[in-house]
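J.: Quick one: this structure, given as structure tokens, is what I'll be asking you about.
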Amino acid sequence: MARAGVAGVALGLGGLTLHQSSGYAAPAGDALRALSPKEFAVLLAAGEVILQGLDPELAHEAARWGDGYVARQSSWLRREVKALLHLFEHAPPLLGAGWSRATRLGLEARSAYLERWRASERALLRQGYGGLKSIVFMGAYRDPRAWAHCSYGGPPEHPLRGPR
Amino acid sequence: MIVAGRTLRGGLDLRADVVVVGTGAGGAMMLRELAARGVDVVGLEMGAHSTAVDFSMREADMLELLMQERGARATADQQVRIVQGRGVGGSTVHNLCLCKRTPDEVLRHWARDLGAARLSPESLAPDYAATEAELSVQKVDAGYLNENNRLFKVGCDVLGYASDYTSHNRVGCMKSGYCIMGCPFDGKQNALKVLLPKAVAGGARVYADARVERVLTRRGRAVGVSGSLLDEAGRPFAPLRVRAGAVCLGGSAVGSAALAIQSGLPDPSGRTGRNLFVHPAGAVAGVFDQPVDGWRGVPQTYECTEFLEFHPGSEKRVWLVPVFAHPIATAVMTPGFGERHAAVMAKYRHMAALTAVVHDESPGRVRVTKAGRIQIDYALSPADQAQLTLGLREGARILLAAGAREVVVNYENDPLTLTDPGQLGQVDARGAPPYELPLTAVHPMGTLPMSDDPRRGVVDSRGEHHAVKGLFVCDGSVFPTSIGVPPQISIYTVSRHVARFVAEAG
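Protein chains in written order, with numbering that gives the first Met the number 0: chain A, 0 to 163; chain B, 0 to 505.
Structure follows, in structure tokens:
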């Protein structure tokens, strides 16, 4: 995860980024553990782009898992991830990707926006891209539906626990 | 018995002859050695105590359970992913059992040129032999080659490259291929399985979930440690303190250096935390017509040493060895995202892969931020970038020689796909510039280097700190340079060497 400065940059965008939290519905099912509904929506939006080509349900699964993963992290890393999600949501205008929030961009525009993060000359954005990608792929490729995509057989029966 | 600190609601306040920080290769060997000598010793481990029943072979769960920062540790600029163990047994729980002695040439350089007089090949040889016997180290044979390693061997044989089977510390191996997630079959003859049970049987008191935050000193002498007990979520909930006649750091080249810095220990050589080497590594993948199923079977049973020499300044400093990752790590390391990424992952079953591991000469640094977080600074020098380029090129050549229909070098911007050895010059042209390749490092070392010259080393060649009497170091921190080979057996061995002097001091 981007360690130096994501939180600072997000804060630099002021109340605009950190306090505009209306219009984000809480996901159905279990309560969120670390992310706000807004942060969850941003992670889901990133996941939908990153996981194109896989079972569409996996983006939701990855965001759910990501919420738990962030909850289990140290407080400073939790702050960094949350700041990253706010930055990702509100930075499209700064990167010439239109005036919408990331969650309101269509899939194609969101993909082009994420590509700008990936190829950016700014280390902060590249690191943020790497962080999003790591969380999303960890959440997705732990799921047997993603294993099927890559023909991964999955682990054998545990010798002490039996089948799961 | 190993006590789970999370169960000790009232905190921990102990006295002992020696307190050992960390229970990986260095710490566990120290505990076992001291207990065998009748020393009253306490071991403290910040991570949890997990055993075979906990090793679920589920990649995400095991990354969280077994790795520092739940698998998220990396250099400050995120260029190099640092994979380090956390928990009782340290990195020996998840490592791939490779056992290779530090080459004599490296040890001679340390002893002759860098002031580590007691680490000559001759003086360490008996300790190496004893360690290898205790951990059942054996060279593997063709029966251990999975398809990924077999193809690597074919490529080396076709090219006539210097190569051989590797040596491992595994007994009763079921060849499941899940070594990197801890062995649910308990086949690893490691710190967790072999040394710590002996230490405990000998009287050592070992505590998990016990994070040391400060080395306590009085009038230039180490007198104990203090810190916190951690709950299941890793949050501190109660204080710990151990008062002891000697303190021994075995918390890894990252953890031990950070603890020394955090404790404000004197640093007359100015080297504490500096001099970090990590063996940075990049991967090459080949796609074969037949399924490879590289995740199955024993990993890293064959190696190529054609491009690995050990004299300082060598132009051949890269070790080639098969590698294979389970889906999460593969997905994270594969460049890009979306449809193109998914198309690469669809070839997963047909991929063979290897890694080019650089015997590095680029010193990095471990720091502790004002907020108390560990920060790892590391960047490859141009010379080390050239070594990585050499390794990627020759790795690609090996996979093509083995019959790969295409080989991919994972440049983040436009991955390079090769189908013919005539195209290998493209790797040289692209090189290994910063941020272009996903790099991994699993062997941090060197941050509290050993030298009898106090201007050159933080500890002397008995492992004792030059400026703090009674403070010893018994992990990979003490290596004065990169060693160019997997360090586990050398860490066990150096700890065995240092234990003699700790026993006298404690």
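No residue lacks a Cβ here, since even glycine has one placed at the ideal position from N, Cα and C.
Just so we're clear, the structure is a prediction, and the values are computed from it rather than from any experiment.
Pull the bridge partners of B:Lys138 from the DSSP assignment, please.
T.: Against the second sequence, residue 138 of chain B aligns to sequence position 139. In the DSSP output, where bridge partners are listed per residue, B:Lys138 has B:Ser166.
J.: Tell me, please, which residues DSSP counts as bridged to B:Asp12.
T.: Here residue 12 of chain B refers to the residue found at position 13 of the second sequence. DSSP lists B:Arg240 as the bridge partner or partners of B:Asp12.
J.: For A:Tyr23, which residues in chain B fall below 9 Å Cβ to Cβ?
T.: On the first sequence, residue 23 of chain A is found 24 positions in, with the first residue counted as 1. Under the 9 Å cutoff, chain B gives no residues; its nearest Cβ is about 23 Å from A:Tyr23.
J.: In angstroms with no decimal places, state the Cα-to-Cα distance between A:Ser35 and B:Leu470.
T.: Position 36 of the first sequence holds residue 35 of chain A. Position 471 of the second sequence holds residue 470 of chain B. So the alpha carbons of these two residues sit roughly 47 Å apart.
J.: Using a Cβ-Cβ cut-off of 8 Å, state whether B:Phe184 counts as contacting chain A.
T.: Taking the second sequence and counting its residues from 1, one reaches residue 184 of chain B at position 185. For B:Phe184, the answer is yes, since a Cβ of chain A falls inside 8 Å of its Cβ.
J.: Let me know if B:Gly171 comes out buried or exposed under the rule of 16 or more other beta-carbons within 10 Å of its beta-carbon.
T.: Position 172 of the second sequence, counted from the start, is the residue given in the question as residue 171 of chain B. Answer is exposed; the Cβ neighbour count stays below 16.
J.: Which one of B:Lys468, B:Val153, B:Thr480 and B:Arg295 has the shortest CA to CA distance from B:Leu264?
T.: Residue numbering aside, residue 264 of chain B sits at position 265 when the second sequence is read from its first letter. Residue B:Lys468 is the option with its Cα nearest to B:Leu264.
J.: Determine, using beta carbons only, whether A:Trp146 comes closer than 8 Å to chain B.
T.: Here residue 146 of chain A corresponds to residue number 147 of the first sequence, with the count starting at 1. Yes, because at least one Cβ of chain B sits closer than 8 Å to the Cβ of A:Trp146.
J.: With a floor of 4 residues, list each alpha helix (DSSP H) that falls wholly inside the region 423-478 of chain B, ordered by position along the chain.
T.: Qualifying alpha helix (DSSP H) stretches, in chain order: 424-429.
J.: Under a CB-based cut-off of 8 Å, is A:Val69 close to chain B?
T.: As a first step, residue 69 of chain A is located in the first sequence; it is residue number 70 there, counting from the start. Answer no: the Cβ-Cβ gap between A:Val69 and chain B never drops below 8 Å.
J.: So, B:Asp16 versus B:Gly250, is the Cβ gap smaller than 8 Å?
T.: Residue mapping note: residue 16 of chain B aligns to position 17 of the second sequence, counting from 1. Residue mapping note: residue 250 of chain B aligns to position 251 of the second sequence, counting from 1. Contact flag unset, no.
J.: Along the chain, where does the beta strand (DSSP E) that runs through B:Ile375 open and close?
T.: Taking the second sequence and counting its residues from 1, one reaches residue 375 of chain B at position 376. From DSSP, the beta strand (DSSP E) with B:Ile375 extends over Ile373 to Asp376.
J.: Under a CB-based cut-off of 8 Å, is A:Val48 close to chain B?
T.: Along the first sequence, read from residue 1 onward, the residue named residue 48 of chain A stands at position 49. By this cut-off, A:Val48 is an interface position.
J.: Could you give the distance in angstroms between the alpha-carbon of A:Pro158 and the alpha-carbon of B:Phe184?
T.: Here residue 158 of chain A corresponds to residue number 159 of the first sequence, with the count starting at 1. Here residue 184 of chain B corresponds to residue number 185 of the second sequence, with the count starting at 1. About 7 Å.
J.: Could you spell out where the beta strand (DSSP E) holding B:Gly223 opens and where it closes?
T.: Locating residue 223 of chain B in the second sequence gives position 224, where the first residue counts as 1. Residues Arg220 to Leu229.
J.: Whose Cβ in chain A lies nearer than 8 Å to the Cβ of B:Asp76?
T.: Counting from one through the second sequence, the residue named residue 76 of chain B turns up at place 77. Result: Ala122 and Gln126.
J.: In chain A, which residues lie with their C-beta within 7 Å of the C-beta of B:Ala232?
T.: To locate residue 232 of chain B, count along the second sequence from 1; it is residue 233. The answer, in chain order, is Arg71.
J.: Output the distance between the C-alpha atoms of B:Val297 and B:Gly176, rounded to the nearest integer angstrom.
T.: Taking the first residue of the second sequence as position 1, residue 297 of chain B is located at position 298. Taking the first residue of the second sequence as position 1, residue 176 of chain B is located at position 177. Spanning the two alpha carbons is a distance of roughly 5 Å.
J.: Cβ of B:Ala3 less than 8 Å from any chain A Cβ?
T.: As a working note, residue 3 of chain B is residue 4 in the second sequence. It does not; no Cβ of chain A falls within 8 Å.
J.: Taking the Cβ atom as the reference point for each residue, do B:Leu7 and B:Ala237 lie within a distance shorter than 8 Å?
T.: Taking the second sequence and counting its residues from 1, one reaches residue 7 of chain B at position 8. Taking the second sequence and counting its residues from 1, one reaches residue 237 of chain B at position 238. Closer than 8 Å, so yes.
J.: CB-CB under 6 Å to B:Ala35, same chain, minus the five flanking residues each way: which ones, in chain order?
T.: To locate residue 35 of chain B, count along the second sequence from 1; it is residue 36. Excluding positions up to five away in sequence, the list reads Gly201.
J.: Answer with buried or exposed for A:Trp98, where buried requires no fewer than 16 other C-beta atoms within 10 angstroms of its C-beta.
T.: Indexing the first sequence from 1 puts residue 98 of chain A at position 99. It is exposed - the Cβ of A:Trp98 has fewer than 16 other Cβ atoms within 10 Å.
J.: Among the candidates B:Glu314, B:Ala466, B:Glu305 and B:Val484, whose CA atom is the shortest distance from the CA of B:Ala385?
T.: For the purposes of this step, residue 385 of chain B is taken as the residue at position 386 of the second sequence. Looking at the Cα atoms, B:Glu314 is the closest of the given residues.
J.: So what's B:Phe276 in DSSP terms, helix, strand or just coil?
T.: As a first step, residue 276 of chain B must be located in the second sequence, where it is residue number 277. DSSP places B:Phe276 in strand when its eight states are reduced to three.
J.: Quick one: does B:Val407 have its CB under 8 Å from some CB of chain A?
T.: To locate residue 407 of chain B, count along the second sequence from 1; it is residue 408. Taking Cβ atoms only, chain A never reaches closer than 8 Å to B:Val407, which makes this a no.
J.: If I follow the unbroken alpha helix (DSSP H) through B:Pro321, where does it start and stop?
T.: Locating residue 321 of chain B in the second sequence gives position 322, where the first residue counts as 1. Counting along the chain, B:Pro321 falls outside any alpha helix (DSSP H), though it belongs to the beta strand (DSSP E) covering Val317 to Pro321.
J.: Taking Cβ positions only, does B:Gly337 come closer than 8 Å to chain A?
T.: On the second sequence, residue 337 of chain B is found 338 positions in, with the first residue counted as 1. At a cut-off of 8 Å between C-beta atoms, B:Gly337 counts as an interface residue with respect to chain A.
J.: Determine the burial state of B:Ser227: buried for a count of at least 16 other Cβ atoms within 10 Å of its Cβ, exposed for fewer.
T.: Indexing the second sequence from 1 puts residue 227 of chain B at position 228. Residue environment: B:Ser227 is assigned as buried (16 or more neighbouring CB atoms within 10 Å of its CB, all protein chains considered).
J.: Out of curiosity, what's the CA-to-CA distance linking A:Ala9 and A:Val80?
T.: Residue 9 of chain A sits at position 10 when you count from the first residue of the first sequence. Residue 80 of chain A sits at position 81 when you count from the first residue of the first sequence. Its pLDDT being 49, under 50, A:Ala9 is placed unreliably in this model, and the coordinates cannot settle the point.
J.: Quick one: Cα of B:Asn274 to Cα of B:Ile260, how far?
T.: Along the second sequence, read from residue 1 onward, the residue named residue 274 of chain B stands at position 275. Along the second sequence, read from residue 1 onward, the residue named residue 260 of chain B stands at position 261. Rounded to the nearest angstrom, the two C-alpha atoms are 14 Å apart.
J.: Tell me whether A:Arg125 is buried or exposed, calling it buried when 16 or more other Cβ atoms sit within 10 Å of its Cβ.
T.: Locating residue 125 of chain A in the first sequence gives position 126, counting from the first residue. Label assigned to A:Arg125: buried.
J.: Would a check of beta-carbon distances place A:Arg141 closer than 8 Å to chain B?
T.: The sequence position of residue 141 of chain A within the first sequence is 142, counting from 1. Yes, because at least one Cβ of chain B sits closer than 8 Å to the Cβ of A:Arg141.
J.: Going by the CB atoms, is the gap between A:Arg141 and B:Val52 shorter than 8 Å?
T.: Against the second sequence, residue 52 of chain B aligns to sequence position 53. Against the first sequence, residue 141 of chain A aligns to sequence position 142. No, the pair does not count as a contact, with Cβ atoms beyond the cut-off.
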